[in-house]
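Beneath this line is the structure, given in structure tokens, with notes to follow.
Protein chains: 2
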Amino acid sequence: MPIEDVLLDLKHKIEKNLPAGVTITDVEFEGPQLVLYTEEPRKFADDGNIIRNLAKELRTRIAMRPDPRVLATPEDSISIIEEVVPKESVISSYYFDPDSGEVIIEAEKPGLVIGKHGATLREITKQIGWIPKVVRTPPIKSRTVKNIREFMRNNLKERKEILKTVGRKIHRECTSKDQWVRVTALGGCKEVGRSCFLLSTPESRILIDCGVNVGSDENMTPYLYVPEVFPLNQIDAVIVTHAHLDHQGLVPLLFKYGYEGPVYCTPPTRDLMVLLQLDYIDVAAKEGKKIPYESGMVAKTLKHTIPLDYEEVTDIAPDIKLTFHNAGHILGSAISHFHIGDGLHNVVFTGDYKYEKTRLFDPAVNKFPRVETVISEATYGNANAFQPALKDAEKHLQMVVKNTIERGGIAVIPAFAVGRSQEVMIVLEESIRKGLIPEVPVYLDGMIWEATAIHATHPEYLNNDLRKLIFQKGQNPFLSECFKPVDSHEARQKIIQNPQPCVILATSGMMNGGPVMEYFKAFAEDPRNTLVFVGYQADGTIGRRIQKGWKEIPMTGKNGSTEMLKMNMEVQVVDGFSGHSDRRQLMEYVKRMQPRPERVFTEHGDEKACVDLASSVYKKLKIETRALTNLETVRLL
Amino acid sequence: MPIEDVLLDLKHKIEKNLPAGVTITDVEFEGPQLVLYTEEPRKFADDGNIIRNLAKELRTRIAMRPDPRVLATPEDSISIIEEVVPKESVISSYYFDPDSGEVIIEAEKPGLVIGKHGATLREITKQIGWIPKVVRTPPIKSRTVKNIREFMRNNLKERKEILKTVGRKIHRECTSKDQWVRVTALGGCKEVGRSCFLLSTPESRILIDCGVNVGSDENMTPYLYVPEVFPLNQIDAVIVTHAHLDHQGLVPLLFKYGYEGPVYCTPPTRDLMVLLQLDYIDVAAKEGKKIPYESGMVAKTLKHTIPLDYEEVTDIAPDIKLTFHNAGHILGSAISHFHIGDGLHNVVFTGDYKYEKTRLFDPAVNKFPRVETVISEATYGNANAFQPALKDAEKHLQMVVKNTIERGGIAVIPAFAVGRSQEVMIVLEESIRKGLIPEVPVYLDGMIWEATAIHATHPEYLNNDLRKLIFQKGQNPFLSECFKPVDSHEARQKIIQNPQPCVILATSGMMNGGPVMEYFKAFAEDPRNTLVFVGYQADGTIGRRIQKGWKEIPMTGKNGSTEMLKMNMEVQVVDGFSGHSDRRQLMEYVKRMQPRPERVFTEHGDEKACVDLASSVYKKLKIETRALTNLETVRLL
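Taken in sequence, the protein lines are chains D and Z.
What the first sequence shows, in full-length UniProt numbering, is residues 1 to 637, in sequence order.
What the second sequence shows, in full-length UniProt numbering, is residues 1 to 637, in sequence order.
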């Protein structure tokens, strides 16, 4: 059936299901959802159940778009909204898009604009006709969030066209009589870096992640040139499980080589992704490396990104529904559940996950309506890869920082911008608040502050305890006064030239560049100071050398000459802050999965880790399993 | 390097290696070989070593093409050839192709035209300039062979263009830095029928077999629509391991859907392939089934077919060399050995094979210069799938026929046209010659006689004993007077209406149509007659029903009504004539393979057979192994 007929058919169905007197003028697909055009938005707003019932009946997501002719003027609308919405919500901006009939309201407390079960939103529509969409005013100013929102506002027309195209493609007719499901491993198998998988059926092709291995020139890129994925315009959708570069660093490259389809990820992943992609090409340029794509491709990616919240079942292809679930790894990280066909097969890509409650996140979800195949990460899959408990790691950190401060020293913590930094920040904030460590400034340098701002913008993606603290008690730990962003060369020099007891969190996490190096150079020779590692240090990095006990570190000086830096500062390795499940958690995750899966494939770990984990899953849990190899295709059904 | 530069480079190299005074005018690729153009064919013919040494030096196959201006006239040439060549060779025709400078000589005894180590051929060139190519005059008239030869002669120009294109594609430059080898299963895994595999590297894609499952509408076709193979113009070469329809029946479909490249197979496979393809679409049309392609596509396939003899190492892609070896299954059946890269990986596709000497063929070859991966058939892979020894099968057949004849009866043997028929013929001929069964006519009906004619045209592809019998003793068993082809409806009616003790071999092999049904109807009610099964009877066929013991067989009468046929004739099942290795032979084939392979994948058998064989190969031979699944891709390197 041609798509126009599908739409006509849907329109008839909807009209049959509408209450008497409520009319629509048209229907259209807009990305994964169906939108209804109406001259009577107020009637729809009158009864919150109309849309809900339609969505249930048609088993799809539905939104309503008012006719521009029935809308109040923006001026009138603003004064009405400010009457309807409680002042405490603190609205910071409005953006009216007559084309979609949406008004985007930025508020400090979005919940108050939404009202109970959306009652306030409906009231707004009833009075002004416009459909309000609410976003949070970032509690910490974020350049990234601001730029993304502006960019999206400036490209609404193009965006609408993209969504229309995507929507019509998703809802095309299924044509094949065959039924099969395959997964092709394109990167990240028996290795870490360049994660990339293709999920395919006779109808559809879905790419899951498209990472870059920044540590390798030879194996930097997934095998994107194989016929299963190339030409890229045959791909239906790209899924990004989380924002780390080894999972999404080359998504813009797909657009450079002809991909034109949607990118699905959670809203925080979208924001972090833009931040990390721009930083990636920026760093590559500064290091004189080949830049795989220009910032224009980052923008193009953003234009094509469709954010999906956790637990939102979404059609992404004629025969595939995607649902994201919390993965507990970093902000917005998602376990991706694919429901294929009408009950044909269910496959879960875990992406990176943490099966333990951490300071920031709930443990990864492992309860699904159905699941036959699991493709699981295996970073700590080695038989003996146990990590200390988080509580112990935290105590260790507290002790190290306390000792350093008390002897008048400075604790320098190299950290990745996204993930462990925020975890460590929460621990430090609580320790200071509770008096467990002295009240000293915690400096945040590099992208850490910006990444933290993005965390603060998406509190819904943090765990229960943190959300309670923020929403109910009004205590946002990220806003604590102990945190001091370092936002200029001068600010950094001030800290260096007038050293006082403090904690410094700075990038990069493995000391292969970034502001952390300046602090290190300044503070390495004083034995009162401490260098605290909270993350994994790869071979070949300076961090690794220091861990090995090097006492003299060669540094490139200002004029290019090599100077030897004397290491007198204390070195402490605090294990246990990993965002990955350790061996025990990996096994528990599978063991406690509901329902029990039929087979588990392992990936994202060195060869031994992947094989060890697979072998144990088979031996201990009696589940069919295998470590995947790049470039192989497995048949799931 | 552009291909023109490659050729120029080759020309310089050749000129440097030529003896003083011998010159060439040009070089060009022609399929997998390099051809030299010269005005001095006589000088090349003078010294047989010139071409041989060049081929060794350049590690490629080389042929020489004389300039048309230096050739004798056809008339003069014929009289000179007839002076040079012994009369006993019995030349039946000449075809002069001035474009290639070749003269095709058809002779009853090609060996006498060739001379020792090609001495007579060289003498011919020395005297007339033309390059002689010798083919055998079919000892039994074969419509197929005649038509193919005529067709090829009539399309020499187009053929030359095809070979040039193929040759230039084979010798293109390798561009990828990656090194990997993959095999994708497209059909024939955990099933029999529609065999099809894709062998791929970063440089090349080779399709091995493209069969049709004639017994199934649903699973008739391999998975050709997947992106690894489609669009088909990206495939470098198609290999046909043998002529049965489940291995080659859909090769013409590839051309219908855009394939334009070469098809490699042995010369007998080519001839049998044309016969069986034309019969396949003919039968389908008669049965009112959908015809997958027209005869024009059979012709197109033939135009693109490049025959290769056993043991001939041939470049088929920039990084792949193919060598066929005897598989012992049917005439021309080949084990395909692929050497990939410069010593990178070696993979053997067994196709169907018999690892035992039979009346017609030597046992399948399992000695290779190198081999890492084997993809083996598993038709009789079941743990208990043992077949009686051939000797016992032959004795059983002799006894059955003897008893039938001696009681004045007729032995009706349903048989496939290609394979078992000729095996049974040889046994019957010898039995009659040696007086083990009475001297009665052996009628051959259906395509059996035509297929036998193709066997007689290619005696080089029969085993040592048969070749000796034919070439040294001048006894071609296929020419025995006991064999009586039935070539018309009238001839068949004569046999039926005046029944005399005799043997009748007729198609189809499973009694689902064909002339065998007319004999069956005529002779089923007389208990003196015997129905002798020598091949497998699939479920749902009349043959299978009779084997199960049905005593009344429903038959469609002339006016479409169903008549019940009373089964009074004796039924005998003679096991052991299979062209497939039985379980013991499959295991022995792998066990005695030299060198020992690193891994074995199984295919071409029902699921249990494939899994059983794989499991035993692992347990008993300690070789990594797995039963392949359709649509999966395995990484070999």
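Don't be surprised by glycine CBs; every beta carbon is placed ideally from N, CA and C.
As DSSP reads the structure, Asp315/D sits in a beta bridge with Lys321/D. Put simply, of Ser142/Z, Thr269/Z, Arg182/Z and Ala415/Z the residue whose alpha carbon is nearest the alpha carbon of Ile320/Z is Arg182/Z. In the DSSP annotation of this structure, Lys566/Z is not part of any alpha helix (DSSP H); the continuous beta strand (DSSP E) holding it starts and ends at Thr562 to Lys566.
If you draw a straight line from the Cα of Val90/Z to the Cα of Leu272/Z, it is about 25 angstroms long.
Cβ neighbours of Ser176/D within its own chain (closer than 7 angstroms, five residues either side excluded): Pro202 and Glu203. Cβ contact annotation for Trp180/Z (same chain, cutoff 7 angstroms, sequence separation greater than five): Thr201, Pro202, Arg635 and Leu637, in chain order. For chain Z, the residues of the UniProt region "Metallo-beta-lactamase C-terminus" (579-637) of chain D that bring a beta carbon within less than 8 angstroms of one of its beta carbons are Thr629, Asn630, Leu631, Glu632, Thr633, Val634 and Arg635, in chain order. Residue contact with chain Z for Arg194/D: absent (no Cβ-Cβ distance below 8 angstroms to any residue of chain Z). The Cβ neighbour count for Ala383/Z, taken over all protein chains shown within 10 Å, is under 16; the residue is labelled exposed.
For a Cβ distance threshold of 9 angstroms, residue set Thr633 of chain D lies close to Thr184/Z, ordered along the chain.
By the beta-carbon neighbour count (other beta carbons within 10 angstroms, threshold 16), Ile104/D is buried.
Counting only residues of its own chain and dropping the five nearest sequence neighbours on each side, Arg205/D has a CB closer than 7 angstroms to the CB of Leu198, Gln234, Ile235 and Asp236. Within the region 59-102 of chain Z, complete beta strand (DSSP E) segments of at least 3 residues are found at 62-66 and 91-97, given in chain order. When the alpha-carbon of Val571/D is set against those of Asn403/D, Gln594/D and Gln472/D, the nearest one is in Asn403/D. Cβ proximity to chain D below 7 angstroms picks out Pro227 and Glu228 from the region 212-233 of chain Z. Proximity to Ala453/D across Glu83/D, Leu58/D and Pro139/D peaks at Pro139/D, based on C-alpha coordinates. If one requires a minimum length of 3 residues, the beta strand (DSSP E) runs lying completely within the region 462-486 of chain Z are 483-485, in chain order.
Our two residues, Asp5/D and Glu228/Z, have alpha carbons roughly 33 angstroms apart in a direct line.
By the 16-neighbour rule on beta-carbons within 10 angstroms, His304/D is buried.
Around the beta-carbon of Asn529/D, 16 or more other beta-carbon atoms lie within 10 Å, marking it buried. At a cut-off of 8 angstroms, the C-beta of Trp449/D has no neighbouring C-beta in chain Z. With respect to the 8 angstroms criterion, Val22/Z and Lys43/Z are classified as neighbours on the basis of their beta carbons.
For the options Pro66/D, Glu588/D, Glu598/D and Glu450/D, the alpha carbon positioned closest to that of Tyr353/D is the one of Glu588/D.
Assigned with DSSP and collapsed to three states, Val214/D falls in coil, not helix or strand. Of the candidates Pro98/D, Thr144/D and Cys189/D, Cys189/D places its Cα closest to the Cα of Thr629/D. Ranked by Cα distance from Ala185/Z, the first of Ala317/Z, Cys210/Z and Ser561/Z is Cys210/Z.
Cβ-Cβ distances below 6 angstroms link Leu462/Z to Leu360 in the same chain, with the five nearest sequence neighbours on each side left out; the list follows chain order. Not one beta carbon of chain D lies nearer than 8 angstroms to the beta carbon of Trp550/Z. Under the three-state reduction of DSSP output, Val573/D falls in the strand class. Straight-line spacing of the CA atoms in Tyr380/Z and Val418/Z works out to 20 angstroms. With contacts defined by Cβ atoms closer than 8 angstroms, Gly535/D and Phe416/D form a contacting pair. Counting the other Cβ atoms within 10 Å of the Cβ of Ile114/Z gives 16 or more, which makes it buried. A distance below 8 angstroms separates the beta carbons of Ile306/D and Pro262/D.
Of the other Cβ atoms in all chains shown, fewer than 16 fall within 10 Å of the Cβ of Asp217/D; this residue is therefore exposed. In the three-state DSSP reduction, Asp445/D falls in the strand class (E or B).
Boundaries of the alpha helix (DSSP H) around Thr269/Z: Pro267 to Lys286.
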